[in-house]
Structures are given as structure tokens and as C-alpha cells.
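Asks:
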Amino acid sequence: MRQKGIRYYIKIVVFALASFIFPALVSCERNMDMPVREPVHFREVIGQGTFAFNDLLSSLVSIYPNFNIKYGEQLKQLLRLLDTTGKVNSTAISYMTKDPNGNEIMASGIILRPLDRKSMGVLHFFPSAKIDKATTGSELMITFEGILSFFGYTVIVPDLIGYGVSSDREYPILFADNTGQVAYDMHLAAAEYFQSIGLPFPRKVTIGG
Numbered sequence: 007m008r009q010k011g012i013r014y015y016i017k018i019v020v021f022a023l024a025s026f027i028f029p030a031l032v033s034c035e036r037n038m039d040m041p042v043r044e045p046v047h048f049r050e051v052i053g054q055g056t057f058a059f060n061d062l063l064s065s066l067v068s069i070y071p072n073f074n075i076k077y078g079e080q081l082k083q084l085l086r087l088l089d090t091t092g093k094v095n096s097t098a099i100s101y102m103t104k105d106p107n108g109n110e111i112m113a114s115g116i117i118l119r120p121l122d123r124k125s126m127g128v129l130h131f132f133p134s135a136k137i138d139k140a141t142t143g144s145e146l147m148i149t150f151e152g153i154l155s156f157f158g159y160t161v162i163v164p165d166l167i168g169y170g171v172s173s174d175r176e177y178p179i180l181f182a183d184n185t186g187q188v189a190y191d192m193h194l195a196a197a198e199y200f201q202s203i204g205l206p207f208p209r210k211v212t213i214g215g
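Quick note: the sequence shown, position 30, residue 36 per the working numbering, numbers continuous.
See the structure below:
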């Protein structure tokens with residue numbers, strides 16, 4: 007499990023480099039049409055913070071202590087090709103979704119966006135499966151799935167059911183359709199949150215994970 011997790015994070019780093027060099031993700035997409043109404047999914051902000059790239063690396067090493075030993079030098083060589091001086095704002099939100107039985111449940115997730123520059127687009131990353139519930143996005147406020155926020159993208163990472171504010175529940179890992187619904191509702195909640203703070207929310211999204 008630990009080795010799979012490390013390989014997963016390496017793939018994200020490679021994806022970050024690819025999207026930095028090949029700006030295929032950048033587009034002039036129109037923003038979502040959000041009617042002025044009370045939020046349907048978004049409930050409240052449960053945490054906020056500002057982070058540097060080193061905070062992201064520290065978070066990764068805290069979850070996978072052997073990562074720096076095995077892949078530290080490779081990562082340093084890779085990062086020399088990238089500008090890692092930017093900072094990001096991380097916002098944890100709670101929102102309403104449904105469990106596999108169709109019952110309403112409150113879930114959570116984080117939204118990471120670049121500071122002091124315009125976002126180049128929205129990415130929605132599914133989190134890796136985590137054994138330790140204390141290492142989920144809304145608990146740490148910075149997670150490696152959000153690496154591309156340091157390179158100009160807004161990144162949405164749902165905790166999924168069983169983590170964050172719903173950590174008292176079991177993660178329904180076998181219910182793929184429900185996992186998709188929970189992630190989609192997080193996306194809608196993020197759009198409602200952006201509307202509440204007066205920011206546009208792009209219609210187009212790139213999904214990864």
C-alpha cells in the first residue's frame with residue numbers, strides 16, 4: 007500500500023511537469039452560469055491557510071517517511087525545471103451530498119488556488135486511498151494532489167465519504183457510482199463557494215487521480 011502511494015505521487019509530479027511544459031490544459035473556457043440563489047451543496051468554510059511549496063513536500067514526507075530517502079534526489083532534479091516560488095490558498099469546505107443508500111450526508115474537501123496570479127483553469131483530483139484518516143485533505147489543508155495549484159491552476163480535492171467531516175463513516179470503496187456523485191457534488195459546492203466570494207468559476211474542468 008505504501009509503495010503504491012509513493013508511485014501515485016510520482017505520477018502526479020510527472021503530470022505536473024507535463025502540464026507545465028505542454029499547456030494543453032490552458033483554455034479560454036467560459037465560466038459557469040451560476041444563478042443567484044442560496045447554495046444547494048456548499049455549507050461553510052471549515053478551514054483556510056496559505057502554503058509554500060516546501061509545505062507540500064513536508065506534508066508528503068509526513069505521510070510517506072521513506073519518500074525523501076528513496077526519491078528525494080530524483081524529485082530535486084525534477085523540481086529544478088519548475089518554478090516553485092509561488093504560494094497557494096487552501097480552503098476546506100463542507101457540503102451536502104448522498105451516501106450509497108441515497109441518504110443526505112455532509113462531506114468535505116479542499117480547494118487550492120494560486121495566490122497573486124490568475125488561475126489558468128480548474129482541475130479536479132480524486133484523492134489516493136488513505137489508511138490514516140488524519141492525512142486527508144481537509145485535515146492537513148495541503149495535499150500532494152493539489153501540486154498543480156503551485157503552477158497556476160485551481161485544484162479541487164474531495165475528501166470523500168469516510169474522511170474529513172464524515173470520518174465517523176466507513177469509506178464505501180466498492181460503490182464507484184456513489185464516489186463519483188460525492189466528487190461531483192464537491193465540484194458544485196466549489197462553484198457555489200466561488201460565487202459567494204465573487205470569483206468566476208470556469209465551466210471546463212480537467213479530471214485526474
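Ideal Cβ positions, reconstructed from N, Cα and C, are used throughout, including at glycine.
1. Just confirm the distance between the C-beta atoms of phenylalanine 48 and isoleucine 111, as a whole number of angstroms; I'd bet it's less than 8 Å.
2. Taking its Cβ as the centre, do 16 or more other Cβ atoms sit within 10 Å of leucine 62, making it buried, or is it exposed?
3. Given 8 Å as the limit, is there contact between the stretch 144-158 and the stretch 179-186, that is, 3 or more CB pairs closer than that?
4. Go to phenylalanine 200, then tell me how far its alpha helix (DSSP H) extends in each direction, as first and last residue.
5. Exposed or buried, which one is proline 120 when buried takes at least 16 other CB atoms within 10 Å?
6. If you draw a straight line from the C-alpha of glycine 78 to the C-alpha of isoleucine 148, how long is it?
7. For alanine 135, tell me which candidate among Phe200, Gly215, Gln80, His193 has the shortest Cα-Cα distance.
8. For a minimum of 3 consecutive residues, which ranges assigned as the beta strand (DSSP E) are wholly contained in the stretch 152-176?
9. Measuring straight from C-alpha to C-alpha, what distance separates glycine 204 and lysine 76?
10. Taking the beta strand (DSSP E) that phenylalanine 48 belongs to, which residues open and close that run?
Replies: According to the data block:
1. Numbered from 1 along the sequence shown, position 42 holds the residue referred to as residue 48. Numbered from 1 along the sequence shown, position 105 holds the residue referred to as residue 111. Not quite, the Cβ-Cβ distance comes to about 15 Å (not below 8 Å), so this is no contact.
2. Here residue 62 corresponds to residue number 56 of the sequence shown, with the count starting at 1. Classified as buried, leucine 62 has 16 or more neighbouring CB atoms from the shown chains inside 10 Å of its CB.
3. Counting C-beta pairs with one atom in each stretch, the stretch 144-158 and the stretch 179-186 have fewer than three that are closer than 8 Å, which means they do not touch.
4. In the sequence shown, counting from the first residue as 1, residue 200 sits at position 194. Looking at the DSSP string, the run of the alpha helix (DSSP H) that includes phenylalanine 200 is 182-202.
5. What you label residue 120 is simply residue 114 of the sequence shown in a count that begins at 1. It is buried - the Cβ of proline 120 has at least 16 other Cβ atoms within 10 Å.
6. As a working note, residue 78 is residue 72 in the sequence shown. As a working note, residue 148 is residue 142 in the sequence shown. Distance between the alpha carbons of glycine 78 and isoleucine 148 is about 19 Å.
7. Start at 1 with the first residue of the sequence shown, and residue 135 comes out as number 129. The closest CA to that of alanine 135, considering only Phe200, Gly215, Gln80, His193, is found on Gly215.
8. DSSP runs (the beta strand (DSSP E)) wholly in the stretch 152-176: 160-164.
9. Along the sequence shown, one-based indexing puts residue 204 at 198. Along the sequence shown, one-based indexing puts residue 76 at 70. Going by C-alpha positions, glycine 204 is about 44 Å away from lysine 76.
10. The residue you call residue 48 lines up with position 42 of the sequence shown. Per DSSP, the continuous beta strand (DSSP E) segment holding phenylalanine 48 begins and ends at 48-58.
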